[in-house]
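A.B. asks:
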Amino acid sequence: MVGTGRAGTAGYAAIRETHTSVVFFVGDQVHKMKKPLDLGFLDNRTRAARERACHREVDLNRRLAPDVYLGVADVHGPDGRVCEHLVEMRRLPDDRRLAALIQRGEDVGAAVEDVARQVAALHAVSPRDPAIDRCASTEFVTDLWWQSLDHLERLPVGVEAAAVLGRIRRVAGRYLAGRSVLFDERIAAGRAVDGHGDMLTDDIFCLDDGPRIIDCLEFDDELRYGDAALDLAFLAMDLERLGAVDAGRRLLRAYGEVSGDAPPASLVHHYIAYRALVRAKVTALRHDQGDAASREPAMRFLDQVERNLERARVRLVIVGGVTATGKSTLSRTIGGHLGATVLRSDVIRKELVGLAPTDRTGDGVDAGLYAPAHTDATYAEMLRRATSMLEGGVSVVLDATWLSESRRAAAREIAAAATADVVEIECRADRSVLLRRIRSRAEQGNDASDATPAVLDEQLRRREEWPTAVVFDTGDGTEPDTAGLEREFGLGPW
């Protein structure tokens, strides 16, 4: 970490200590000395190990900040022999840290977009290697979670934290259990990179000629390797921690525009949760080393883990009910809240035969497009598409009548196979309201539904009881507000 610059108020010299280094600030330069310690995840007890770590730090950080990392200095003792090594750096001004800008309330949008472009460029030239790919696999990411959780559980963080860690382990494991297809697809698409590995707002300096991103993770290549979204998630996590969620959105959007990478929101939030867990571990480690004030921030990081795991949940929402009950309107609202894809049976039914959604068929009950065989094909195609999306980490809203329990059971089965959470909704309204909506829809001619009053009566006759569904009365046309959506479906993505 680079400290206060000459333009700051700390004076000519200063010293700071991190959990792995001692940093000396003298004039326009920074001299960084590795501590001779073993933290389990790094072992710098020997001078040779510290020398290697210094050179590795310089080499890796020159990828993003070549003019900041000047080299490695050898320190000689009175006998002329080398006794220590220092990373030599250019000193940067504290007040230009991204964190400082955010805390002062400055607009950091343009700076964050510049950072996104620099990171995208780093990722674009990353070597493609099986060793890097392995670190983006489901198995490796799962092991990262368990290592951090195991470490935290060994620290004296209290009963309250122990309960939180148990919940985190359960929810994170559930997400990972159903996402092997997603992880494999991203590796195949070349999204596994040798990235920065530790990108925080305190280590990004917003200078007049562009940002400098420093202090990448150098002590373990495998902790720096992984999915590009995991690399970016560290900074997104830190922006959220500082209350700068809008800046986090701009970071992700700008990165996607440059890189062409559009990971599902669930994966981004899963990785943000993991990065918050890493910060919780580091902070709890300081608490274990005697810093009593570190316990509260460690707990705040665990809260952030839980919030983002909630946002990462992959959900299958089954929205049913007879015609004109407002299923499609509610489905669009839920889809917007969850960032989910909405699959509507009325649209898929016509797509299967090459018709536009608003084309009229004139087919009656059990005839033409509404014959049992075509209805079976429509539901099968809807579930096929939903399966692919759920496996890929995308939540799905299924908009259809779902009159029979056998069809609902089939939907539950695909959710279970993809380890997705299921929410079942049945829309209802008085028959008089439904008839009025059917007539209005027919007059306007801009909806995919071909339903008539006769269809409504047949659906009411065939409808099977749906005891597992939450009933939404849509008679007055009122849609659920944000609080209601969060109560029924949980937090949505940013």
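Each residue of the sequence shown is one higher than the last, beginning at 1 in the UniProt record's numbering.
Glycine included, each C-beta is placed from N, C-alpha and C at the ideal position.
Output the distance between the C-alpha atoms of residue 321 and residue 130, rounded to the nearest integer angstrom.
C.D. replies: On the sequence shown, position 321 is the one that residue 321 refers to. On the sequence shown, position 130 is the one that residue 130 refers to. Rounded to the nearest angstrom, the two C-alpha atoms are 49 Å apart.
A.B. asks: Starting from residue 357, trace the alpha helix (DSSP H) in both directions and tell me its first and last residue.
C.D. replies: Counting from one through the sequence shown, the residue named residue 357 turns up at place 357. Counting along the chain, residue 357 falls outside any alpha helix (DSSP H), and DSSP gives it neither H nor E.
A.B. asks: Given a cut-off of 7 Å, decide if residue 394 and residue 264 are closer than it, judged by their beta-carbon atoms.
C.D. replies: In the sequence shown, the residue the question calls residue 264 occupies position 264. In the sequence shown, the residue the question calls residue 394 occupies position 394. In this structure, residue 394 lies closer than 7 Å to residue 264 by Cβ.
A.B. asks: Here's the rule: buried if 16 or more other CB atoms are within 10 angstroms of the residue's CB, otherwise exposed. What is residue 239?
C.D. replies: Counting from one through the sequence shown, the residue named residue 239 turns up at place 239. Burial call: buried.
A.B. asks: Rounded to the nearest angstrom, what separates residue 69 and residue 205 at their Cα positions?
C.D. replies: The residue labelled residue 69 in the question sits at position 69 within the sequence shown. The residue labelled residue 205 in the question sits at position 205 within the sequence shown. When rounded, the distance between both Cα atoms is 14 Å.
A.B. asks: Return the first residue and the last residue of the beta strand (DSSP E) that residue 21 is part of.
C.D. replies: Mapped onto the sequence shown, residue 21 falls at position 21. From DSSP, the beta strand (DSSP E) with residue 21 extends over 21–26.
A.B. asks: In three-state terms, what does DSSP make of residue 73?
C.D. replies: On the sequence shown, position 73 is the one that residue 73 refers to. Note: residue 73 maps to strand in three-state DSSP.
A.B. asks: Please state if the CB of residue 50 and the CB of residue 34 are separated by a distance shorter than 7 Å.
C.D. replies: For the purposes of this step, residue 34 is identified with residue 34 of the sequence shown, where counting begins at 1. For the purposes of this step, residue 50 is identified with residue 50 of the sequence shown, where counting begins at 1. Cβ distance < 7 Å, so residue 34 and residue 50 count as in contact.
A.B. asks: For residue 360, is the classification buried or exposed, using 16 other Cβ atoms within 10 angstroms of its Cβ as the cut-off for buried?
C.D. replies: Walking along the sequence shown from the start, residue 360 turns up at place 360. Exposed, by the Cβ-count rule.
A.B. asks: Sorry if obvious, but does the Cβ on residue 374 come closer than 6 Å to a heavy atom of the ligand MG?
C.D. replies: The ligand MG is not part of the structure shown, which contains no ligands of any sort.
A.B. asks: Return the CA-CA distance between residue 495 and residue 334, expressed in angstroms with no decimal places.
C.D. replies: In the structure displayed, the chain extends from 1 to 494; residue 495 sits before or after that span and is not available.
A.B. asks: Counting C-beta neighbours from all protein chains within 10 Å, is the total for residue 15 16 or more, i.e. buried, or is it exposed?
C.D. replies: What you label residue 15 is simply residue 15 of the sequence shown in a count that begins at 1. Under this definition residue 15 is an exposed residue.
A.B. asks: Grab the span of the alpha helix (DSSP H) containing residue 141 for me, first residue to last.
C.D. replies: Position 141 of the sequence shown, counted from the first residue, corresponds to residue 141. Boundaries of the alpha helix (DSSP H) around residue 141: 138–154.
A.B. asks: In the DSSP assignment, the alpha helix (DSSP H) including residue 350 goes from what residue to what residue?
C.D. replies: Along the sequence shown, one-based indexing puts residue 350 at 350. Per DSSP, residue 350 belongs to the alpha helix (DSSP H) from 345–351.
A.B. asks: Quick test of the definition: if touching needs 3 or more C-beta pairs under 8 Å, does the stretch 303–317 touch the stretch 330–346?
C.D. replies: yes
A.B. asks: Can you tell me whether residue 44 is buried or exposed, with buried defined as 16 or more other CB within 10 angstroms of its CB?
C.D. replies: Within the sequence shown, residue 44 is the residue found at index 44, counting from 1. Label assigned to residue 44: buried.
A.B. asks: If you draw a straight line from the C-alpha of residue 475 to the C-alpha of residue 486, how long is it?
C.D. replies: Your numbering for residue 475 matches position 475 in the sequence shown. Your numbering for residue 486 matches position 486 in the sequence shown. Distance between the alpha carbons of residue 475 and residue 486: 22 Å.
A.B. asks: Check whether the Cβ atoms of residue 345 and residue 400 lie closer than 7 Å to each other.
C.D. replies: Working through the sequence shown from its first residue, we reach residue 345 at position 345. Working through the sequence shown from its first residue, we reach residue 400 at position 400. Taking 7 Å as the Cβ cut-off, residue 345 and residue 400 qualify as a contacting pair.
A.B. asks: Is the Cβ-Cβ distance between residue 244 and residue 191 less than 7 Å?
C.D. replies: Locating residue 244 in the sequence shown gives position 244, where the first residue counts as 1. Locating residue 191 in the sequence shown gives position 191, where the first residue counts as 1. Taking 7 Å as the Cβ cut-off, residue 244 and residue 191 do not qualify as a contacting pair.
A.B. asks: Less than 7 Å separating the beta-carbons of residue 273 and residue 305?
C.D. replies: To locate residue 273, count along the sequence shown from 1; it is residue 273. To locate residue 305, count along the sequence shown from 1; it is residue 305. Yes, the Cβ-Cβ distance between residue 273 and residue 305 is below 7 Å.
A.B. asks: Please go through the same chain and pick out, in chain order, the residues whose beta-carbon is closer than 6 Å to the beta-carbon of residue 447, but skip the five residues on each side of it.
C.D. replies: In the sequence shown, residue 447 corresponds to position 447, counting from 1. 441.
A.B. asks: Rounded to the nearest angstrom, what separates residue 298 and residue 347 at their Cα positions?
C.D. replies: For the purposes of this step, residue 298 is taken as residue 298 along the sequence shown, with counting starting at 1. For the purposes of this step, residue 347 is taken as residue 347 along the sequence shown, with counting starting at 1. Rounded to the nearest angstrom, the gap between the Cα atoms of residue 298 and residue 347 is 49 Å.
A.B. asks: Within the same chain, show all residues whose beta-carbon is closer than 7 Å to that of residue 223, passing over the 5 residues directly before and after it, in chain order.
C.D. replies: For the purposes of this step, residue 223 is taken as the residue at position 223 of the sequence shown. Cβ neighbours of residue 223 within its own chain (closer than 7 Å, five residues either side excluded): 197, 217.
A.B. asks: With DSSP as the reference, identify every bridge partner of residue 424, one or two as the case may be.
C.D. replies: On the sequence shown, position 424 is the one that residue 424 refers to. Residue 424 pairs with 318.
A.B. asks: Decide if the stretch 364–374 is in contact with the stretch 415–430; the criterion is three or more beta carbon pairs, one per stretch, under 8 Å apart.
C.D. replies: no
A.B. asks: Counting only runs of 4+ residues fully inside the stretch 378–437, write out the alpha helix (DSSP H) ranges in chain order.
C.D. replies: Entirely contained in the stretch 378–437, the alpha helix (DSSP H) runs reaching 4 residues are, in chain order, 405–417.
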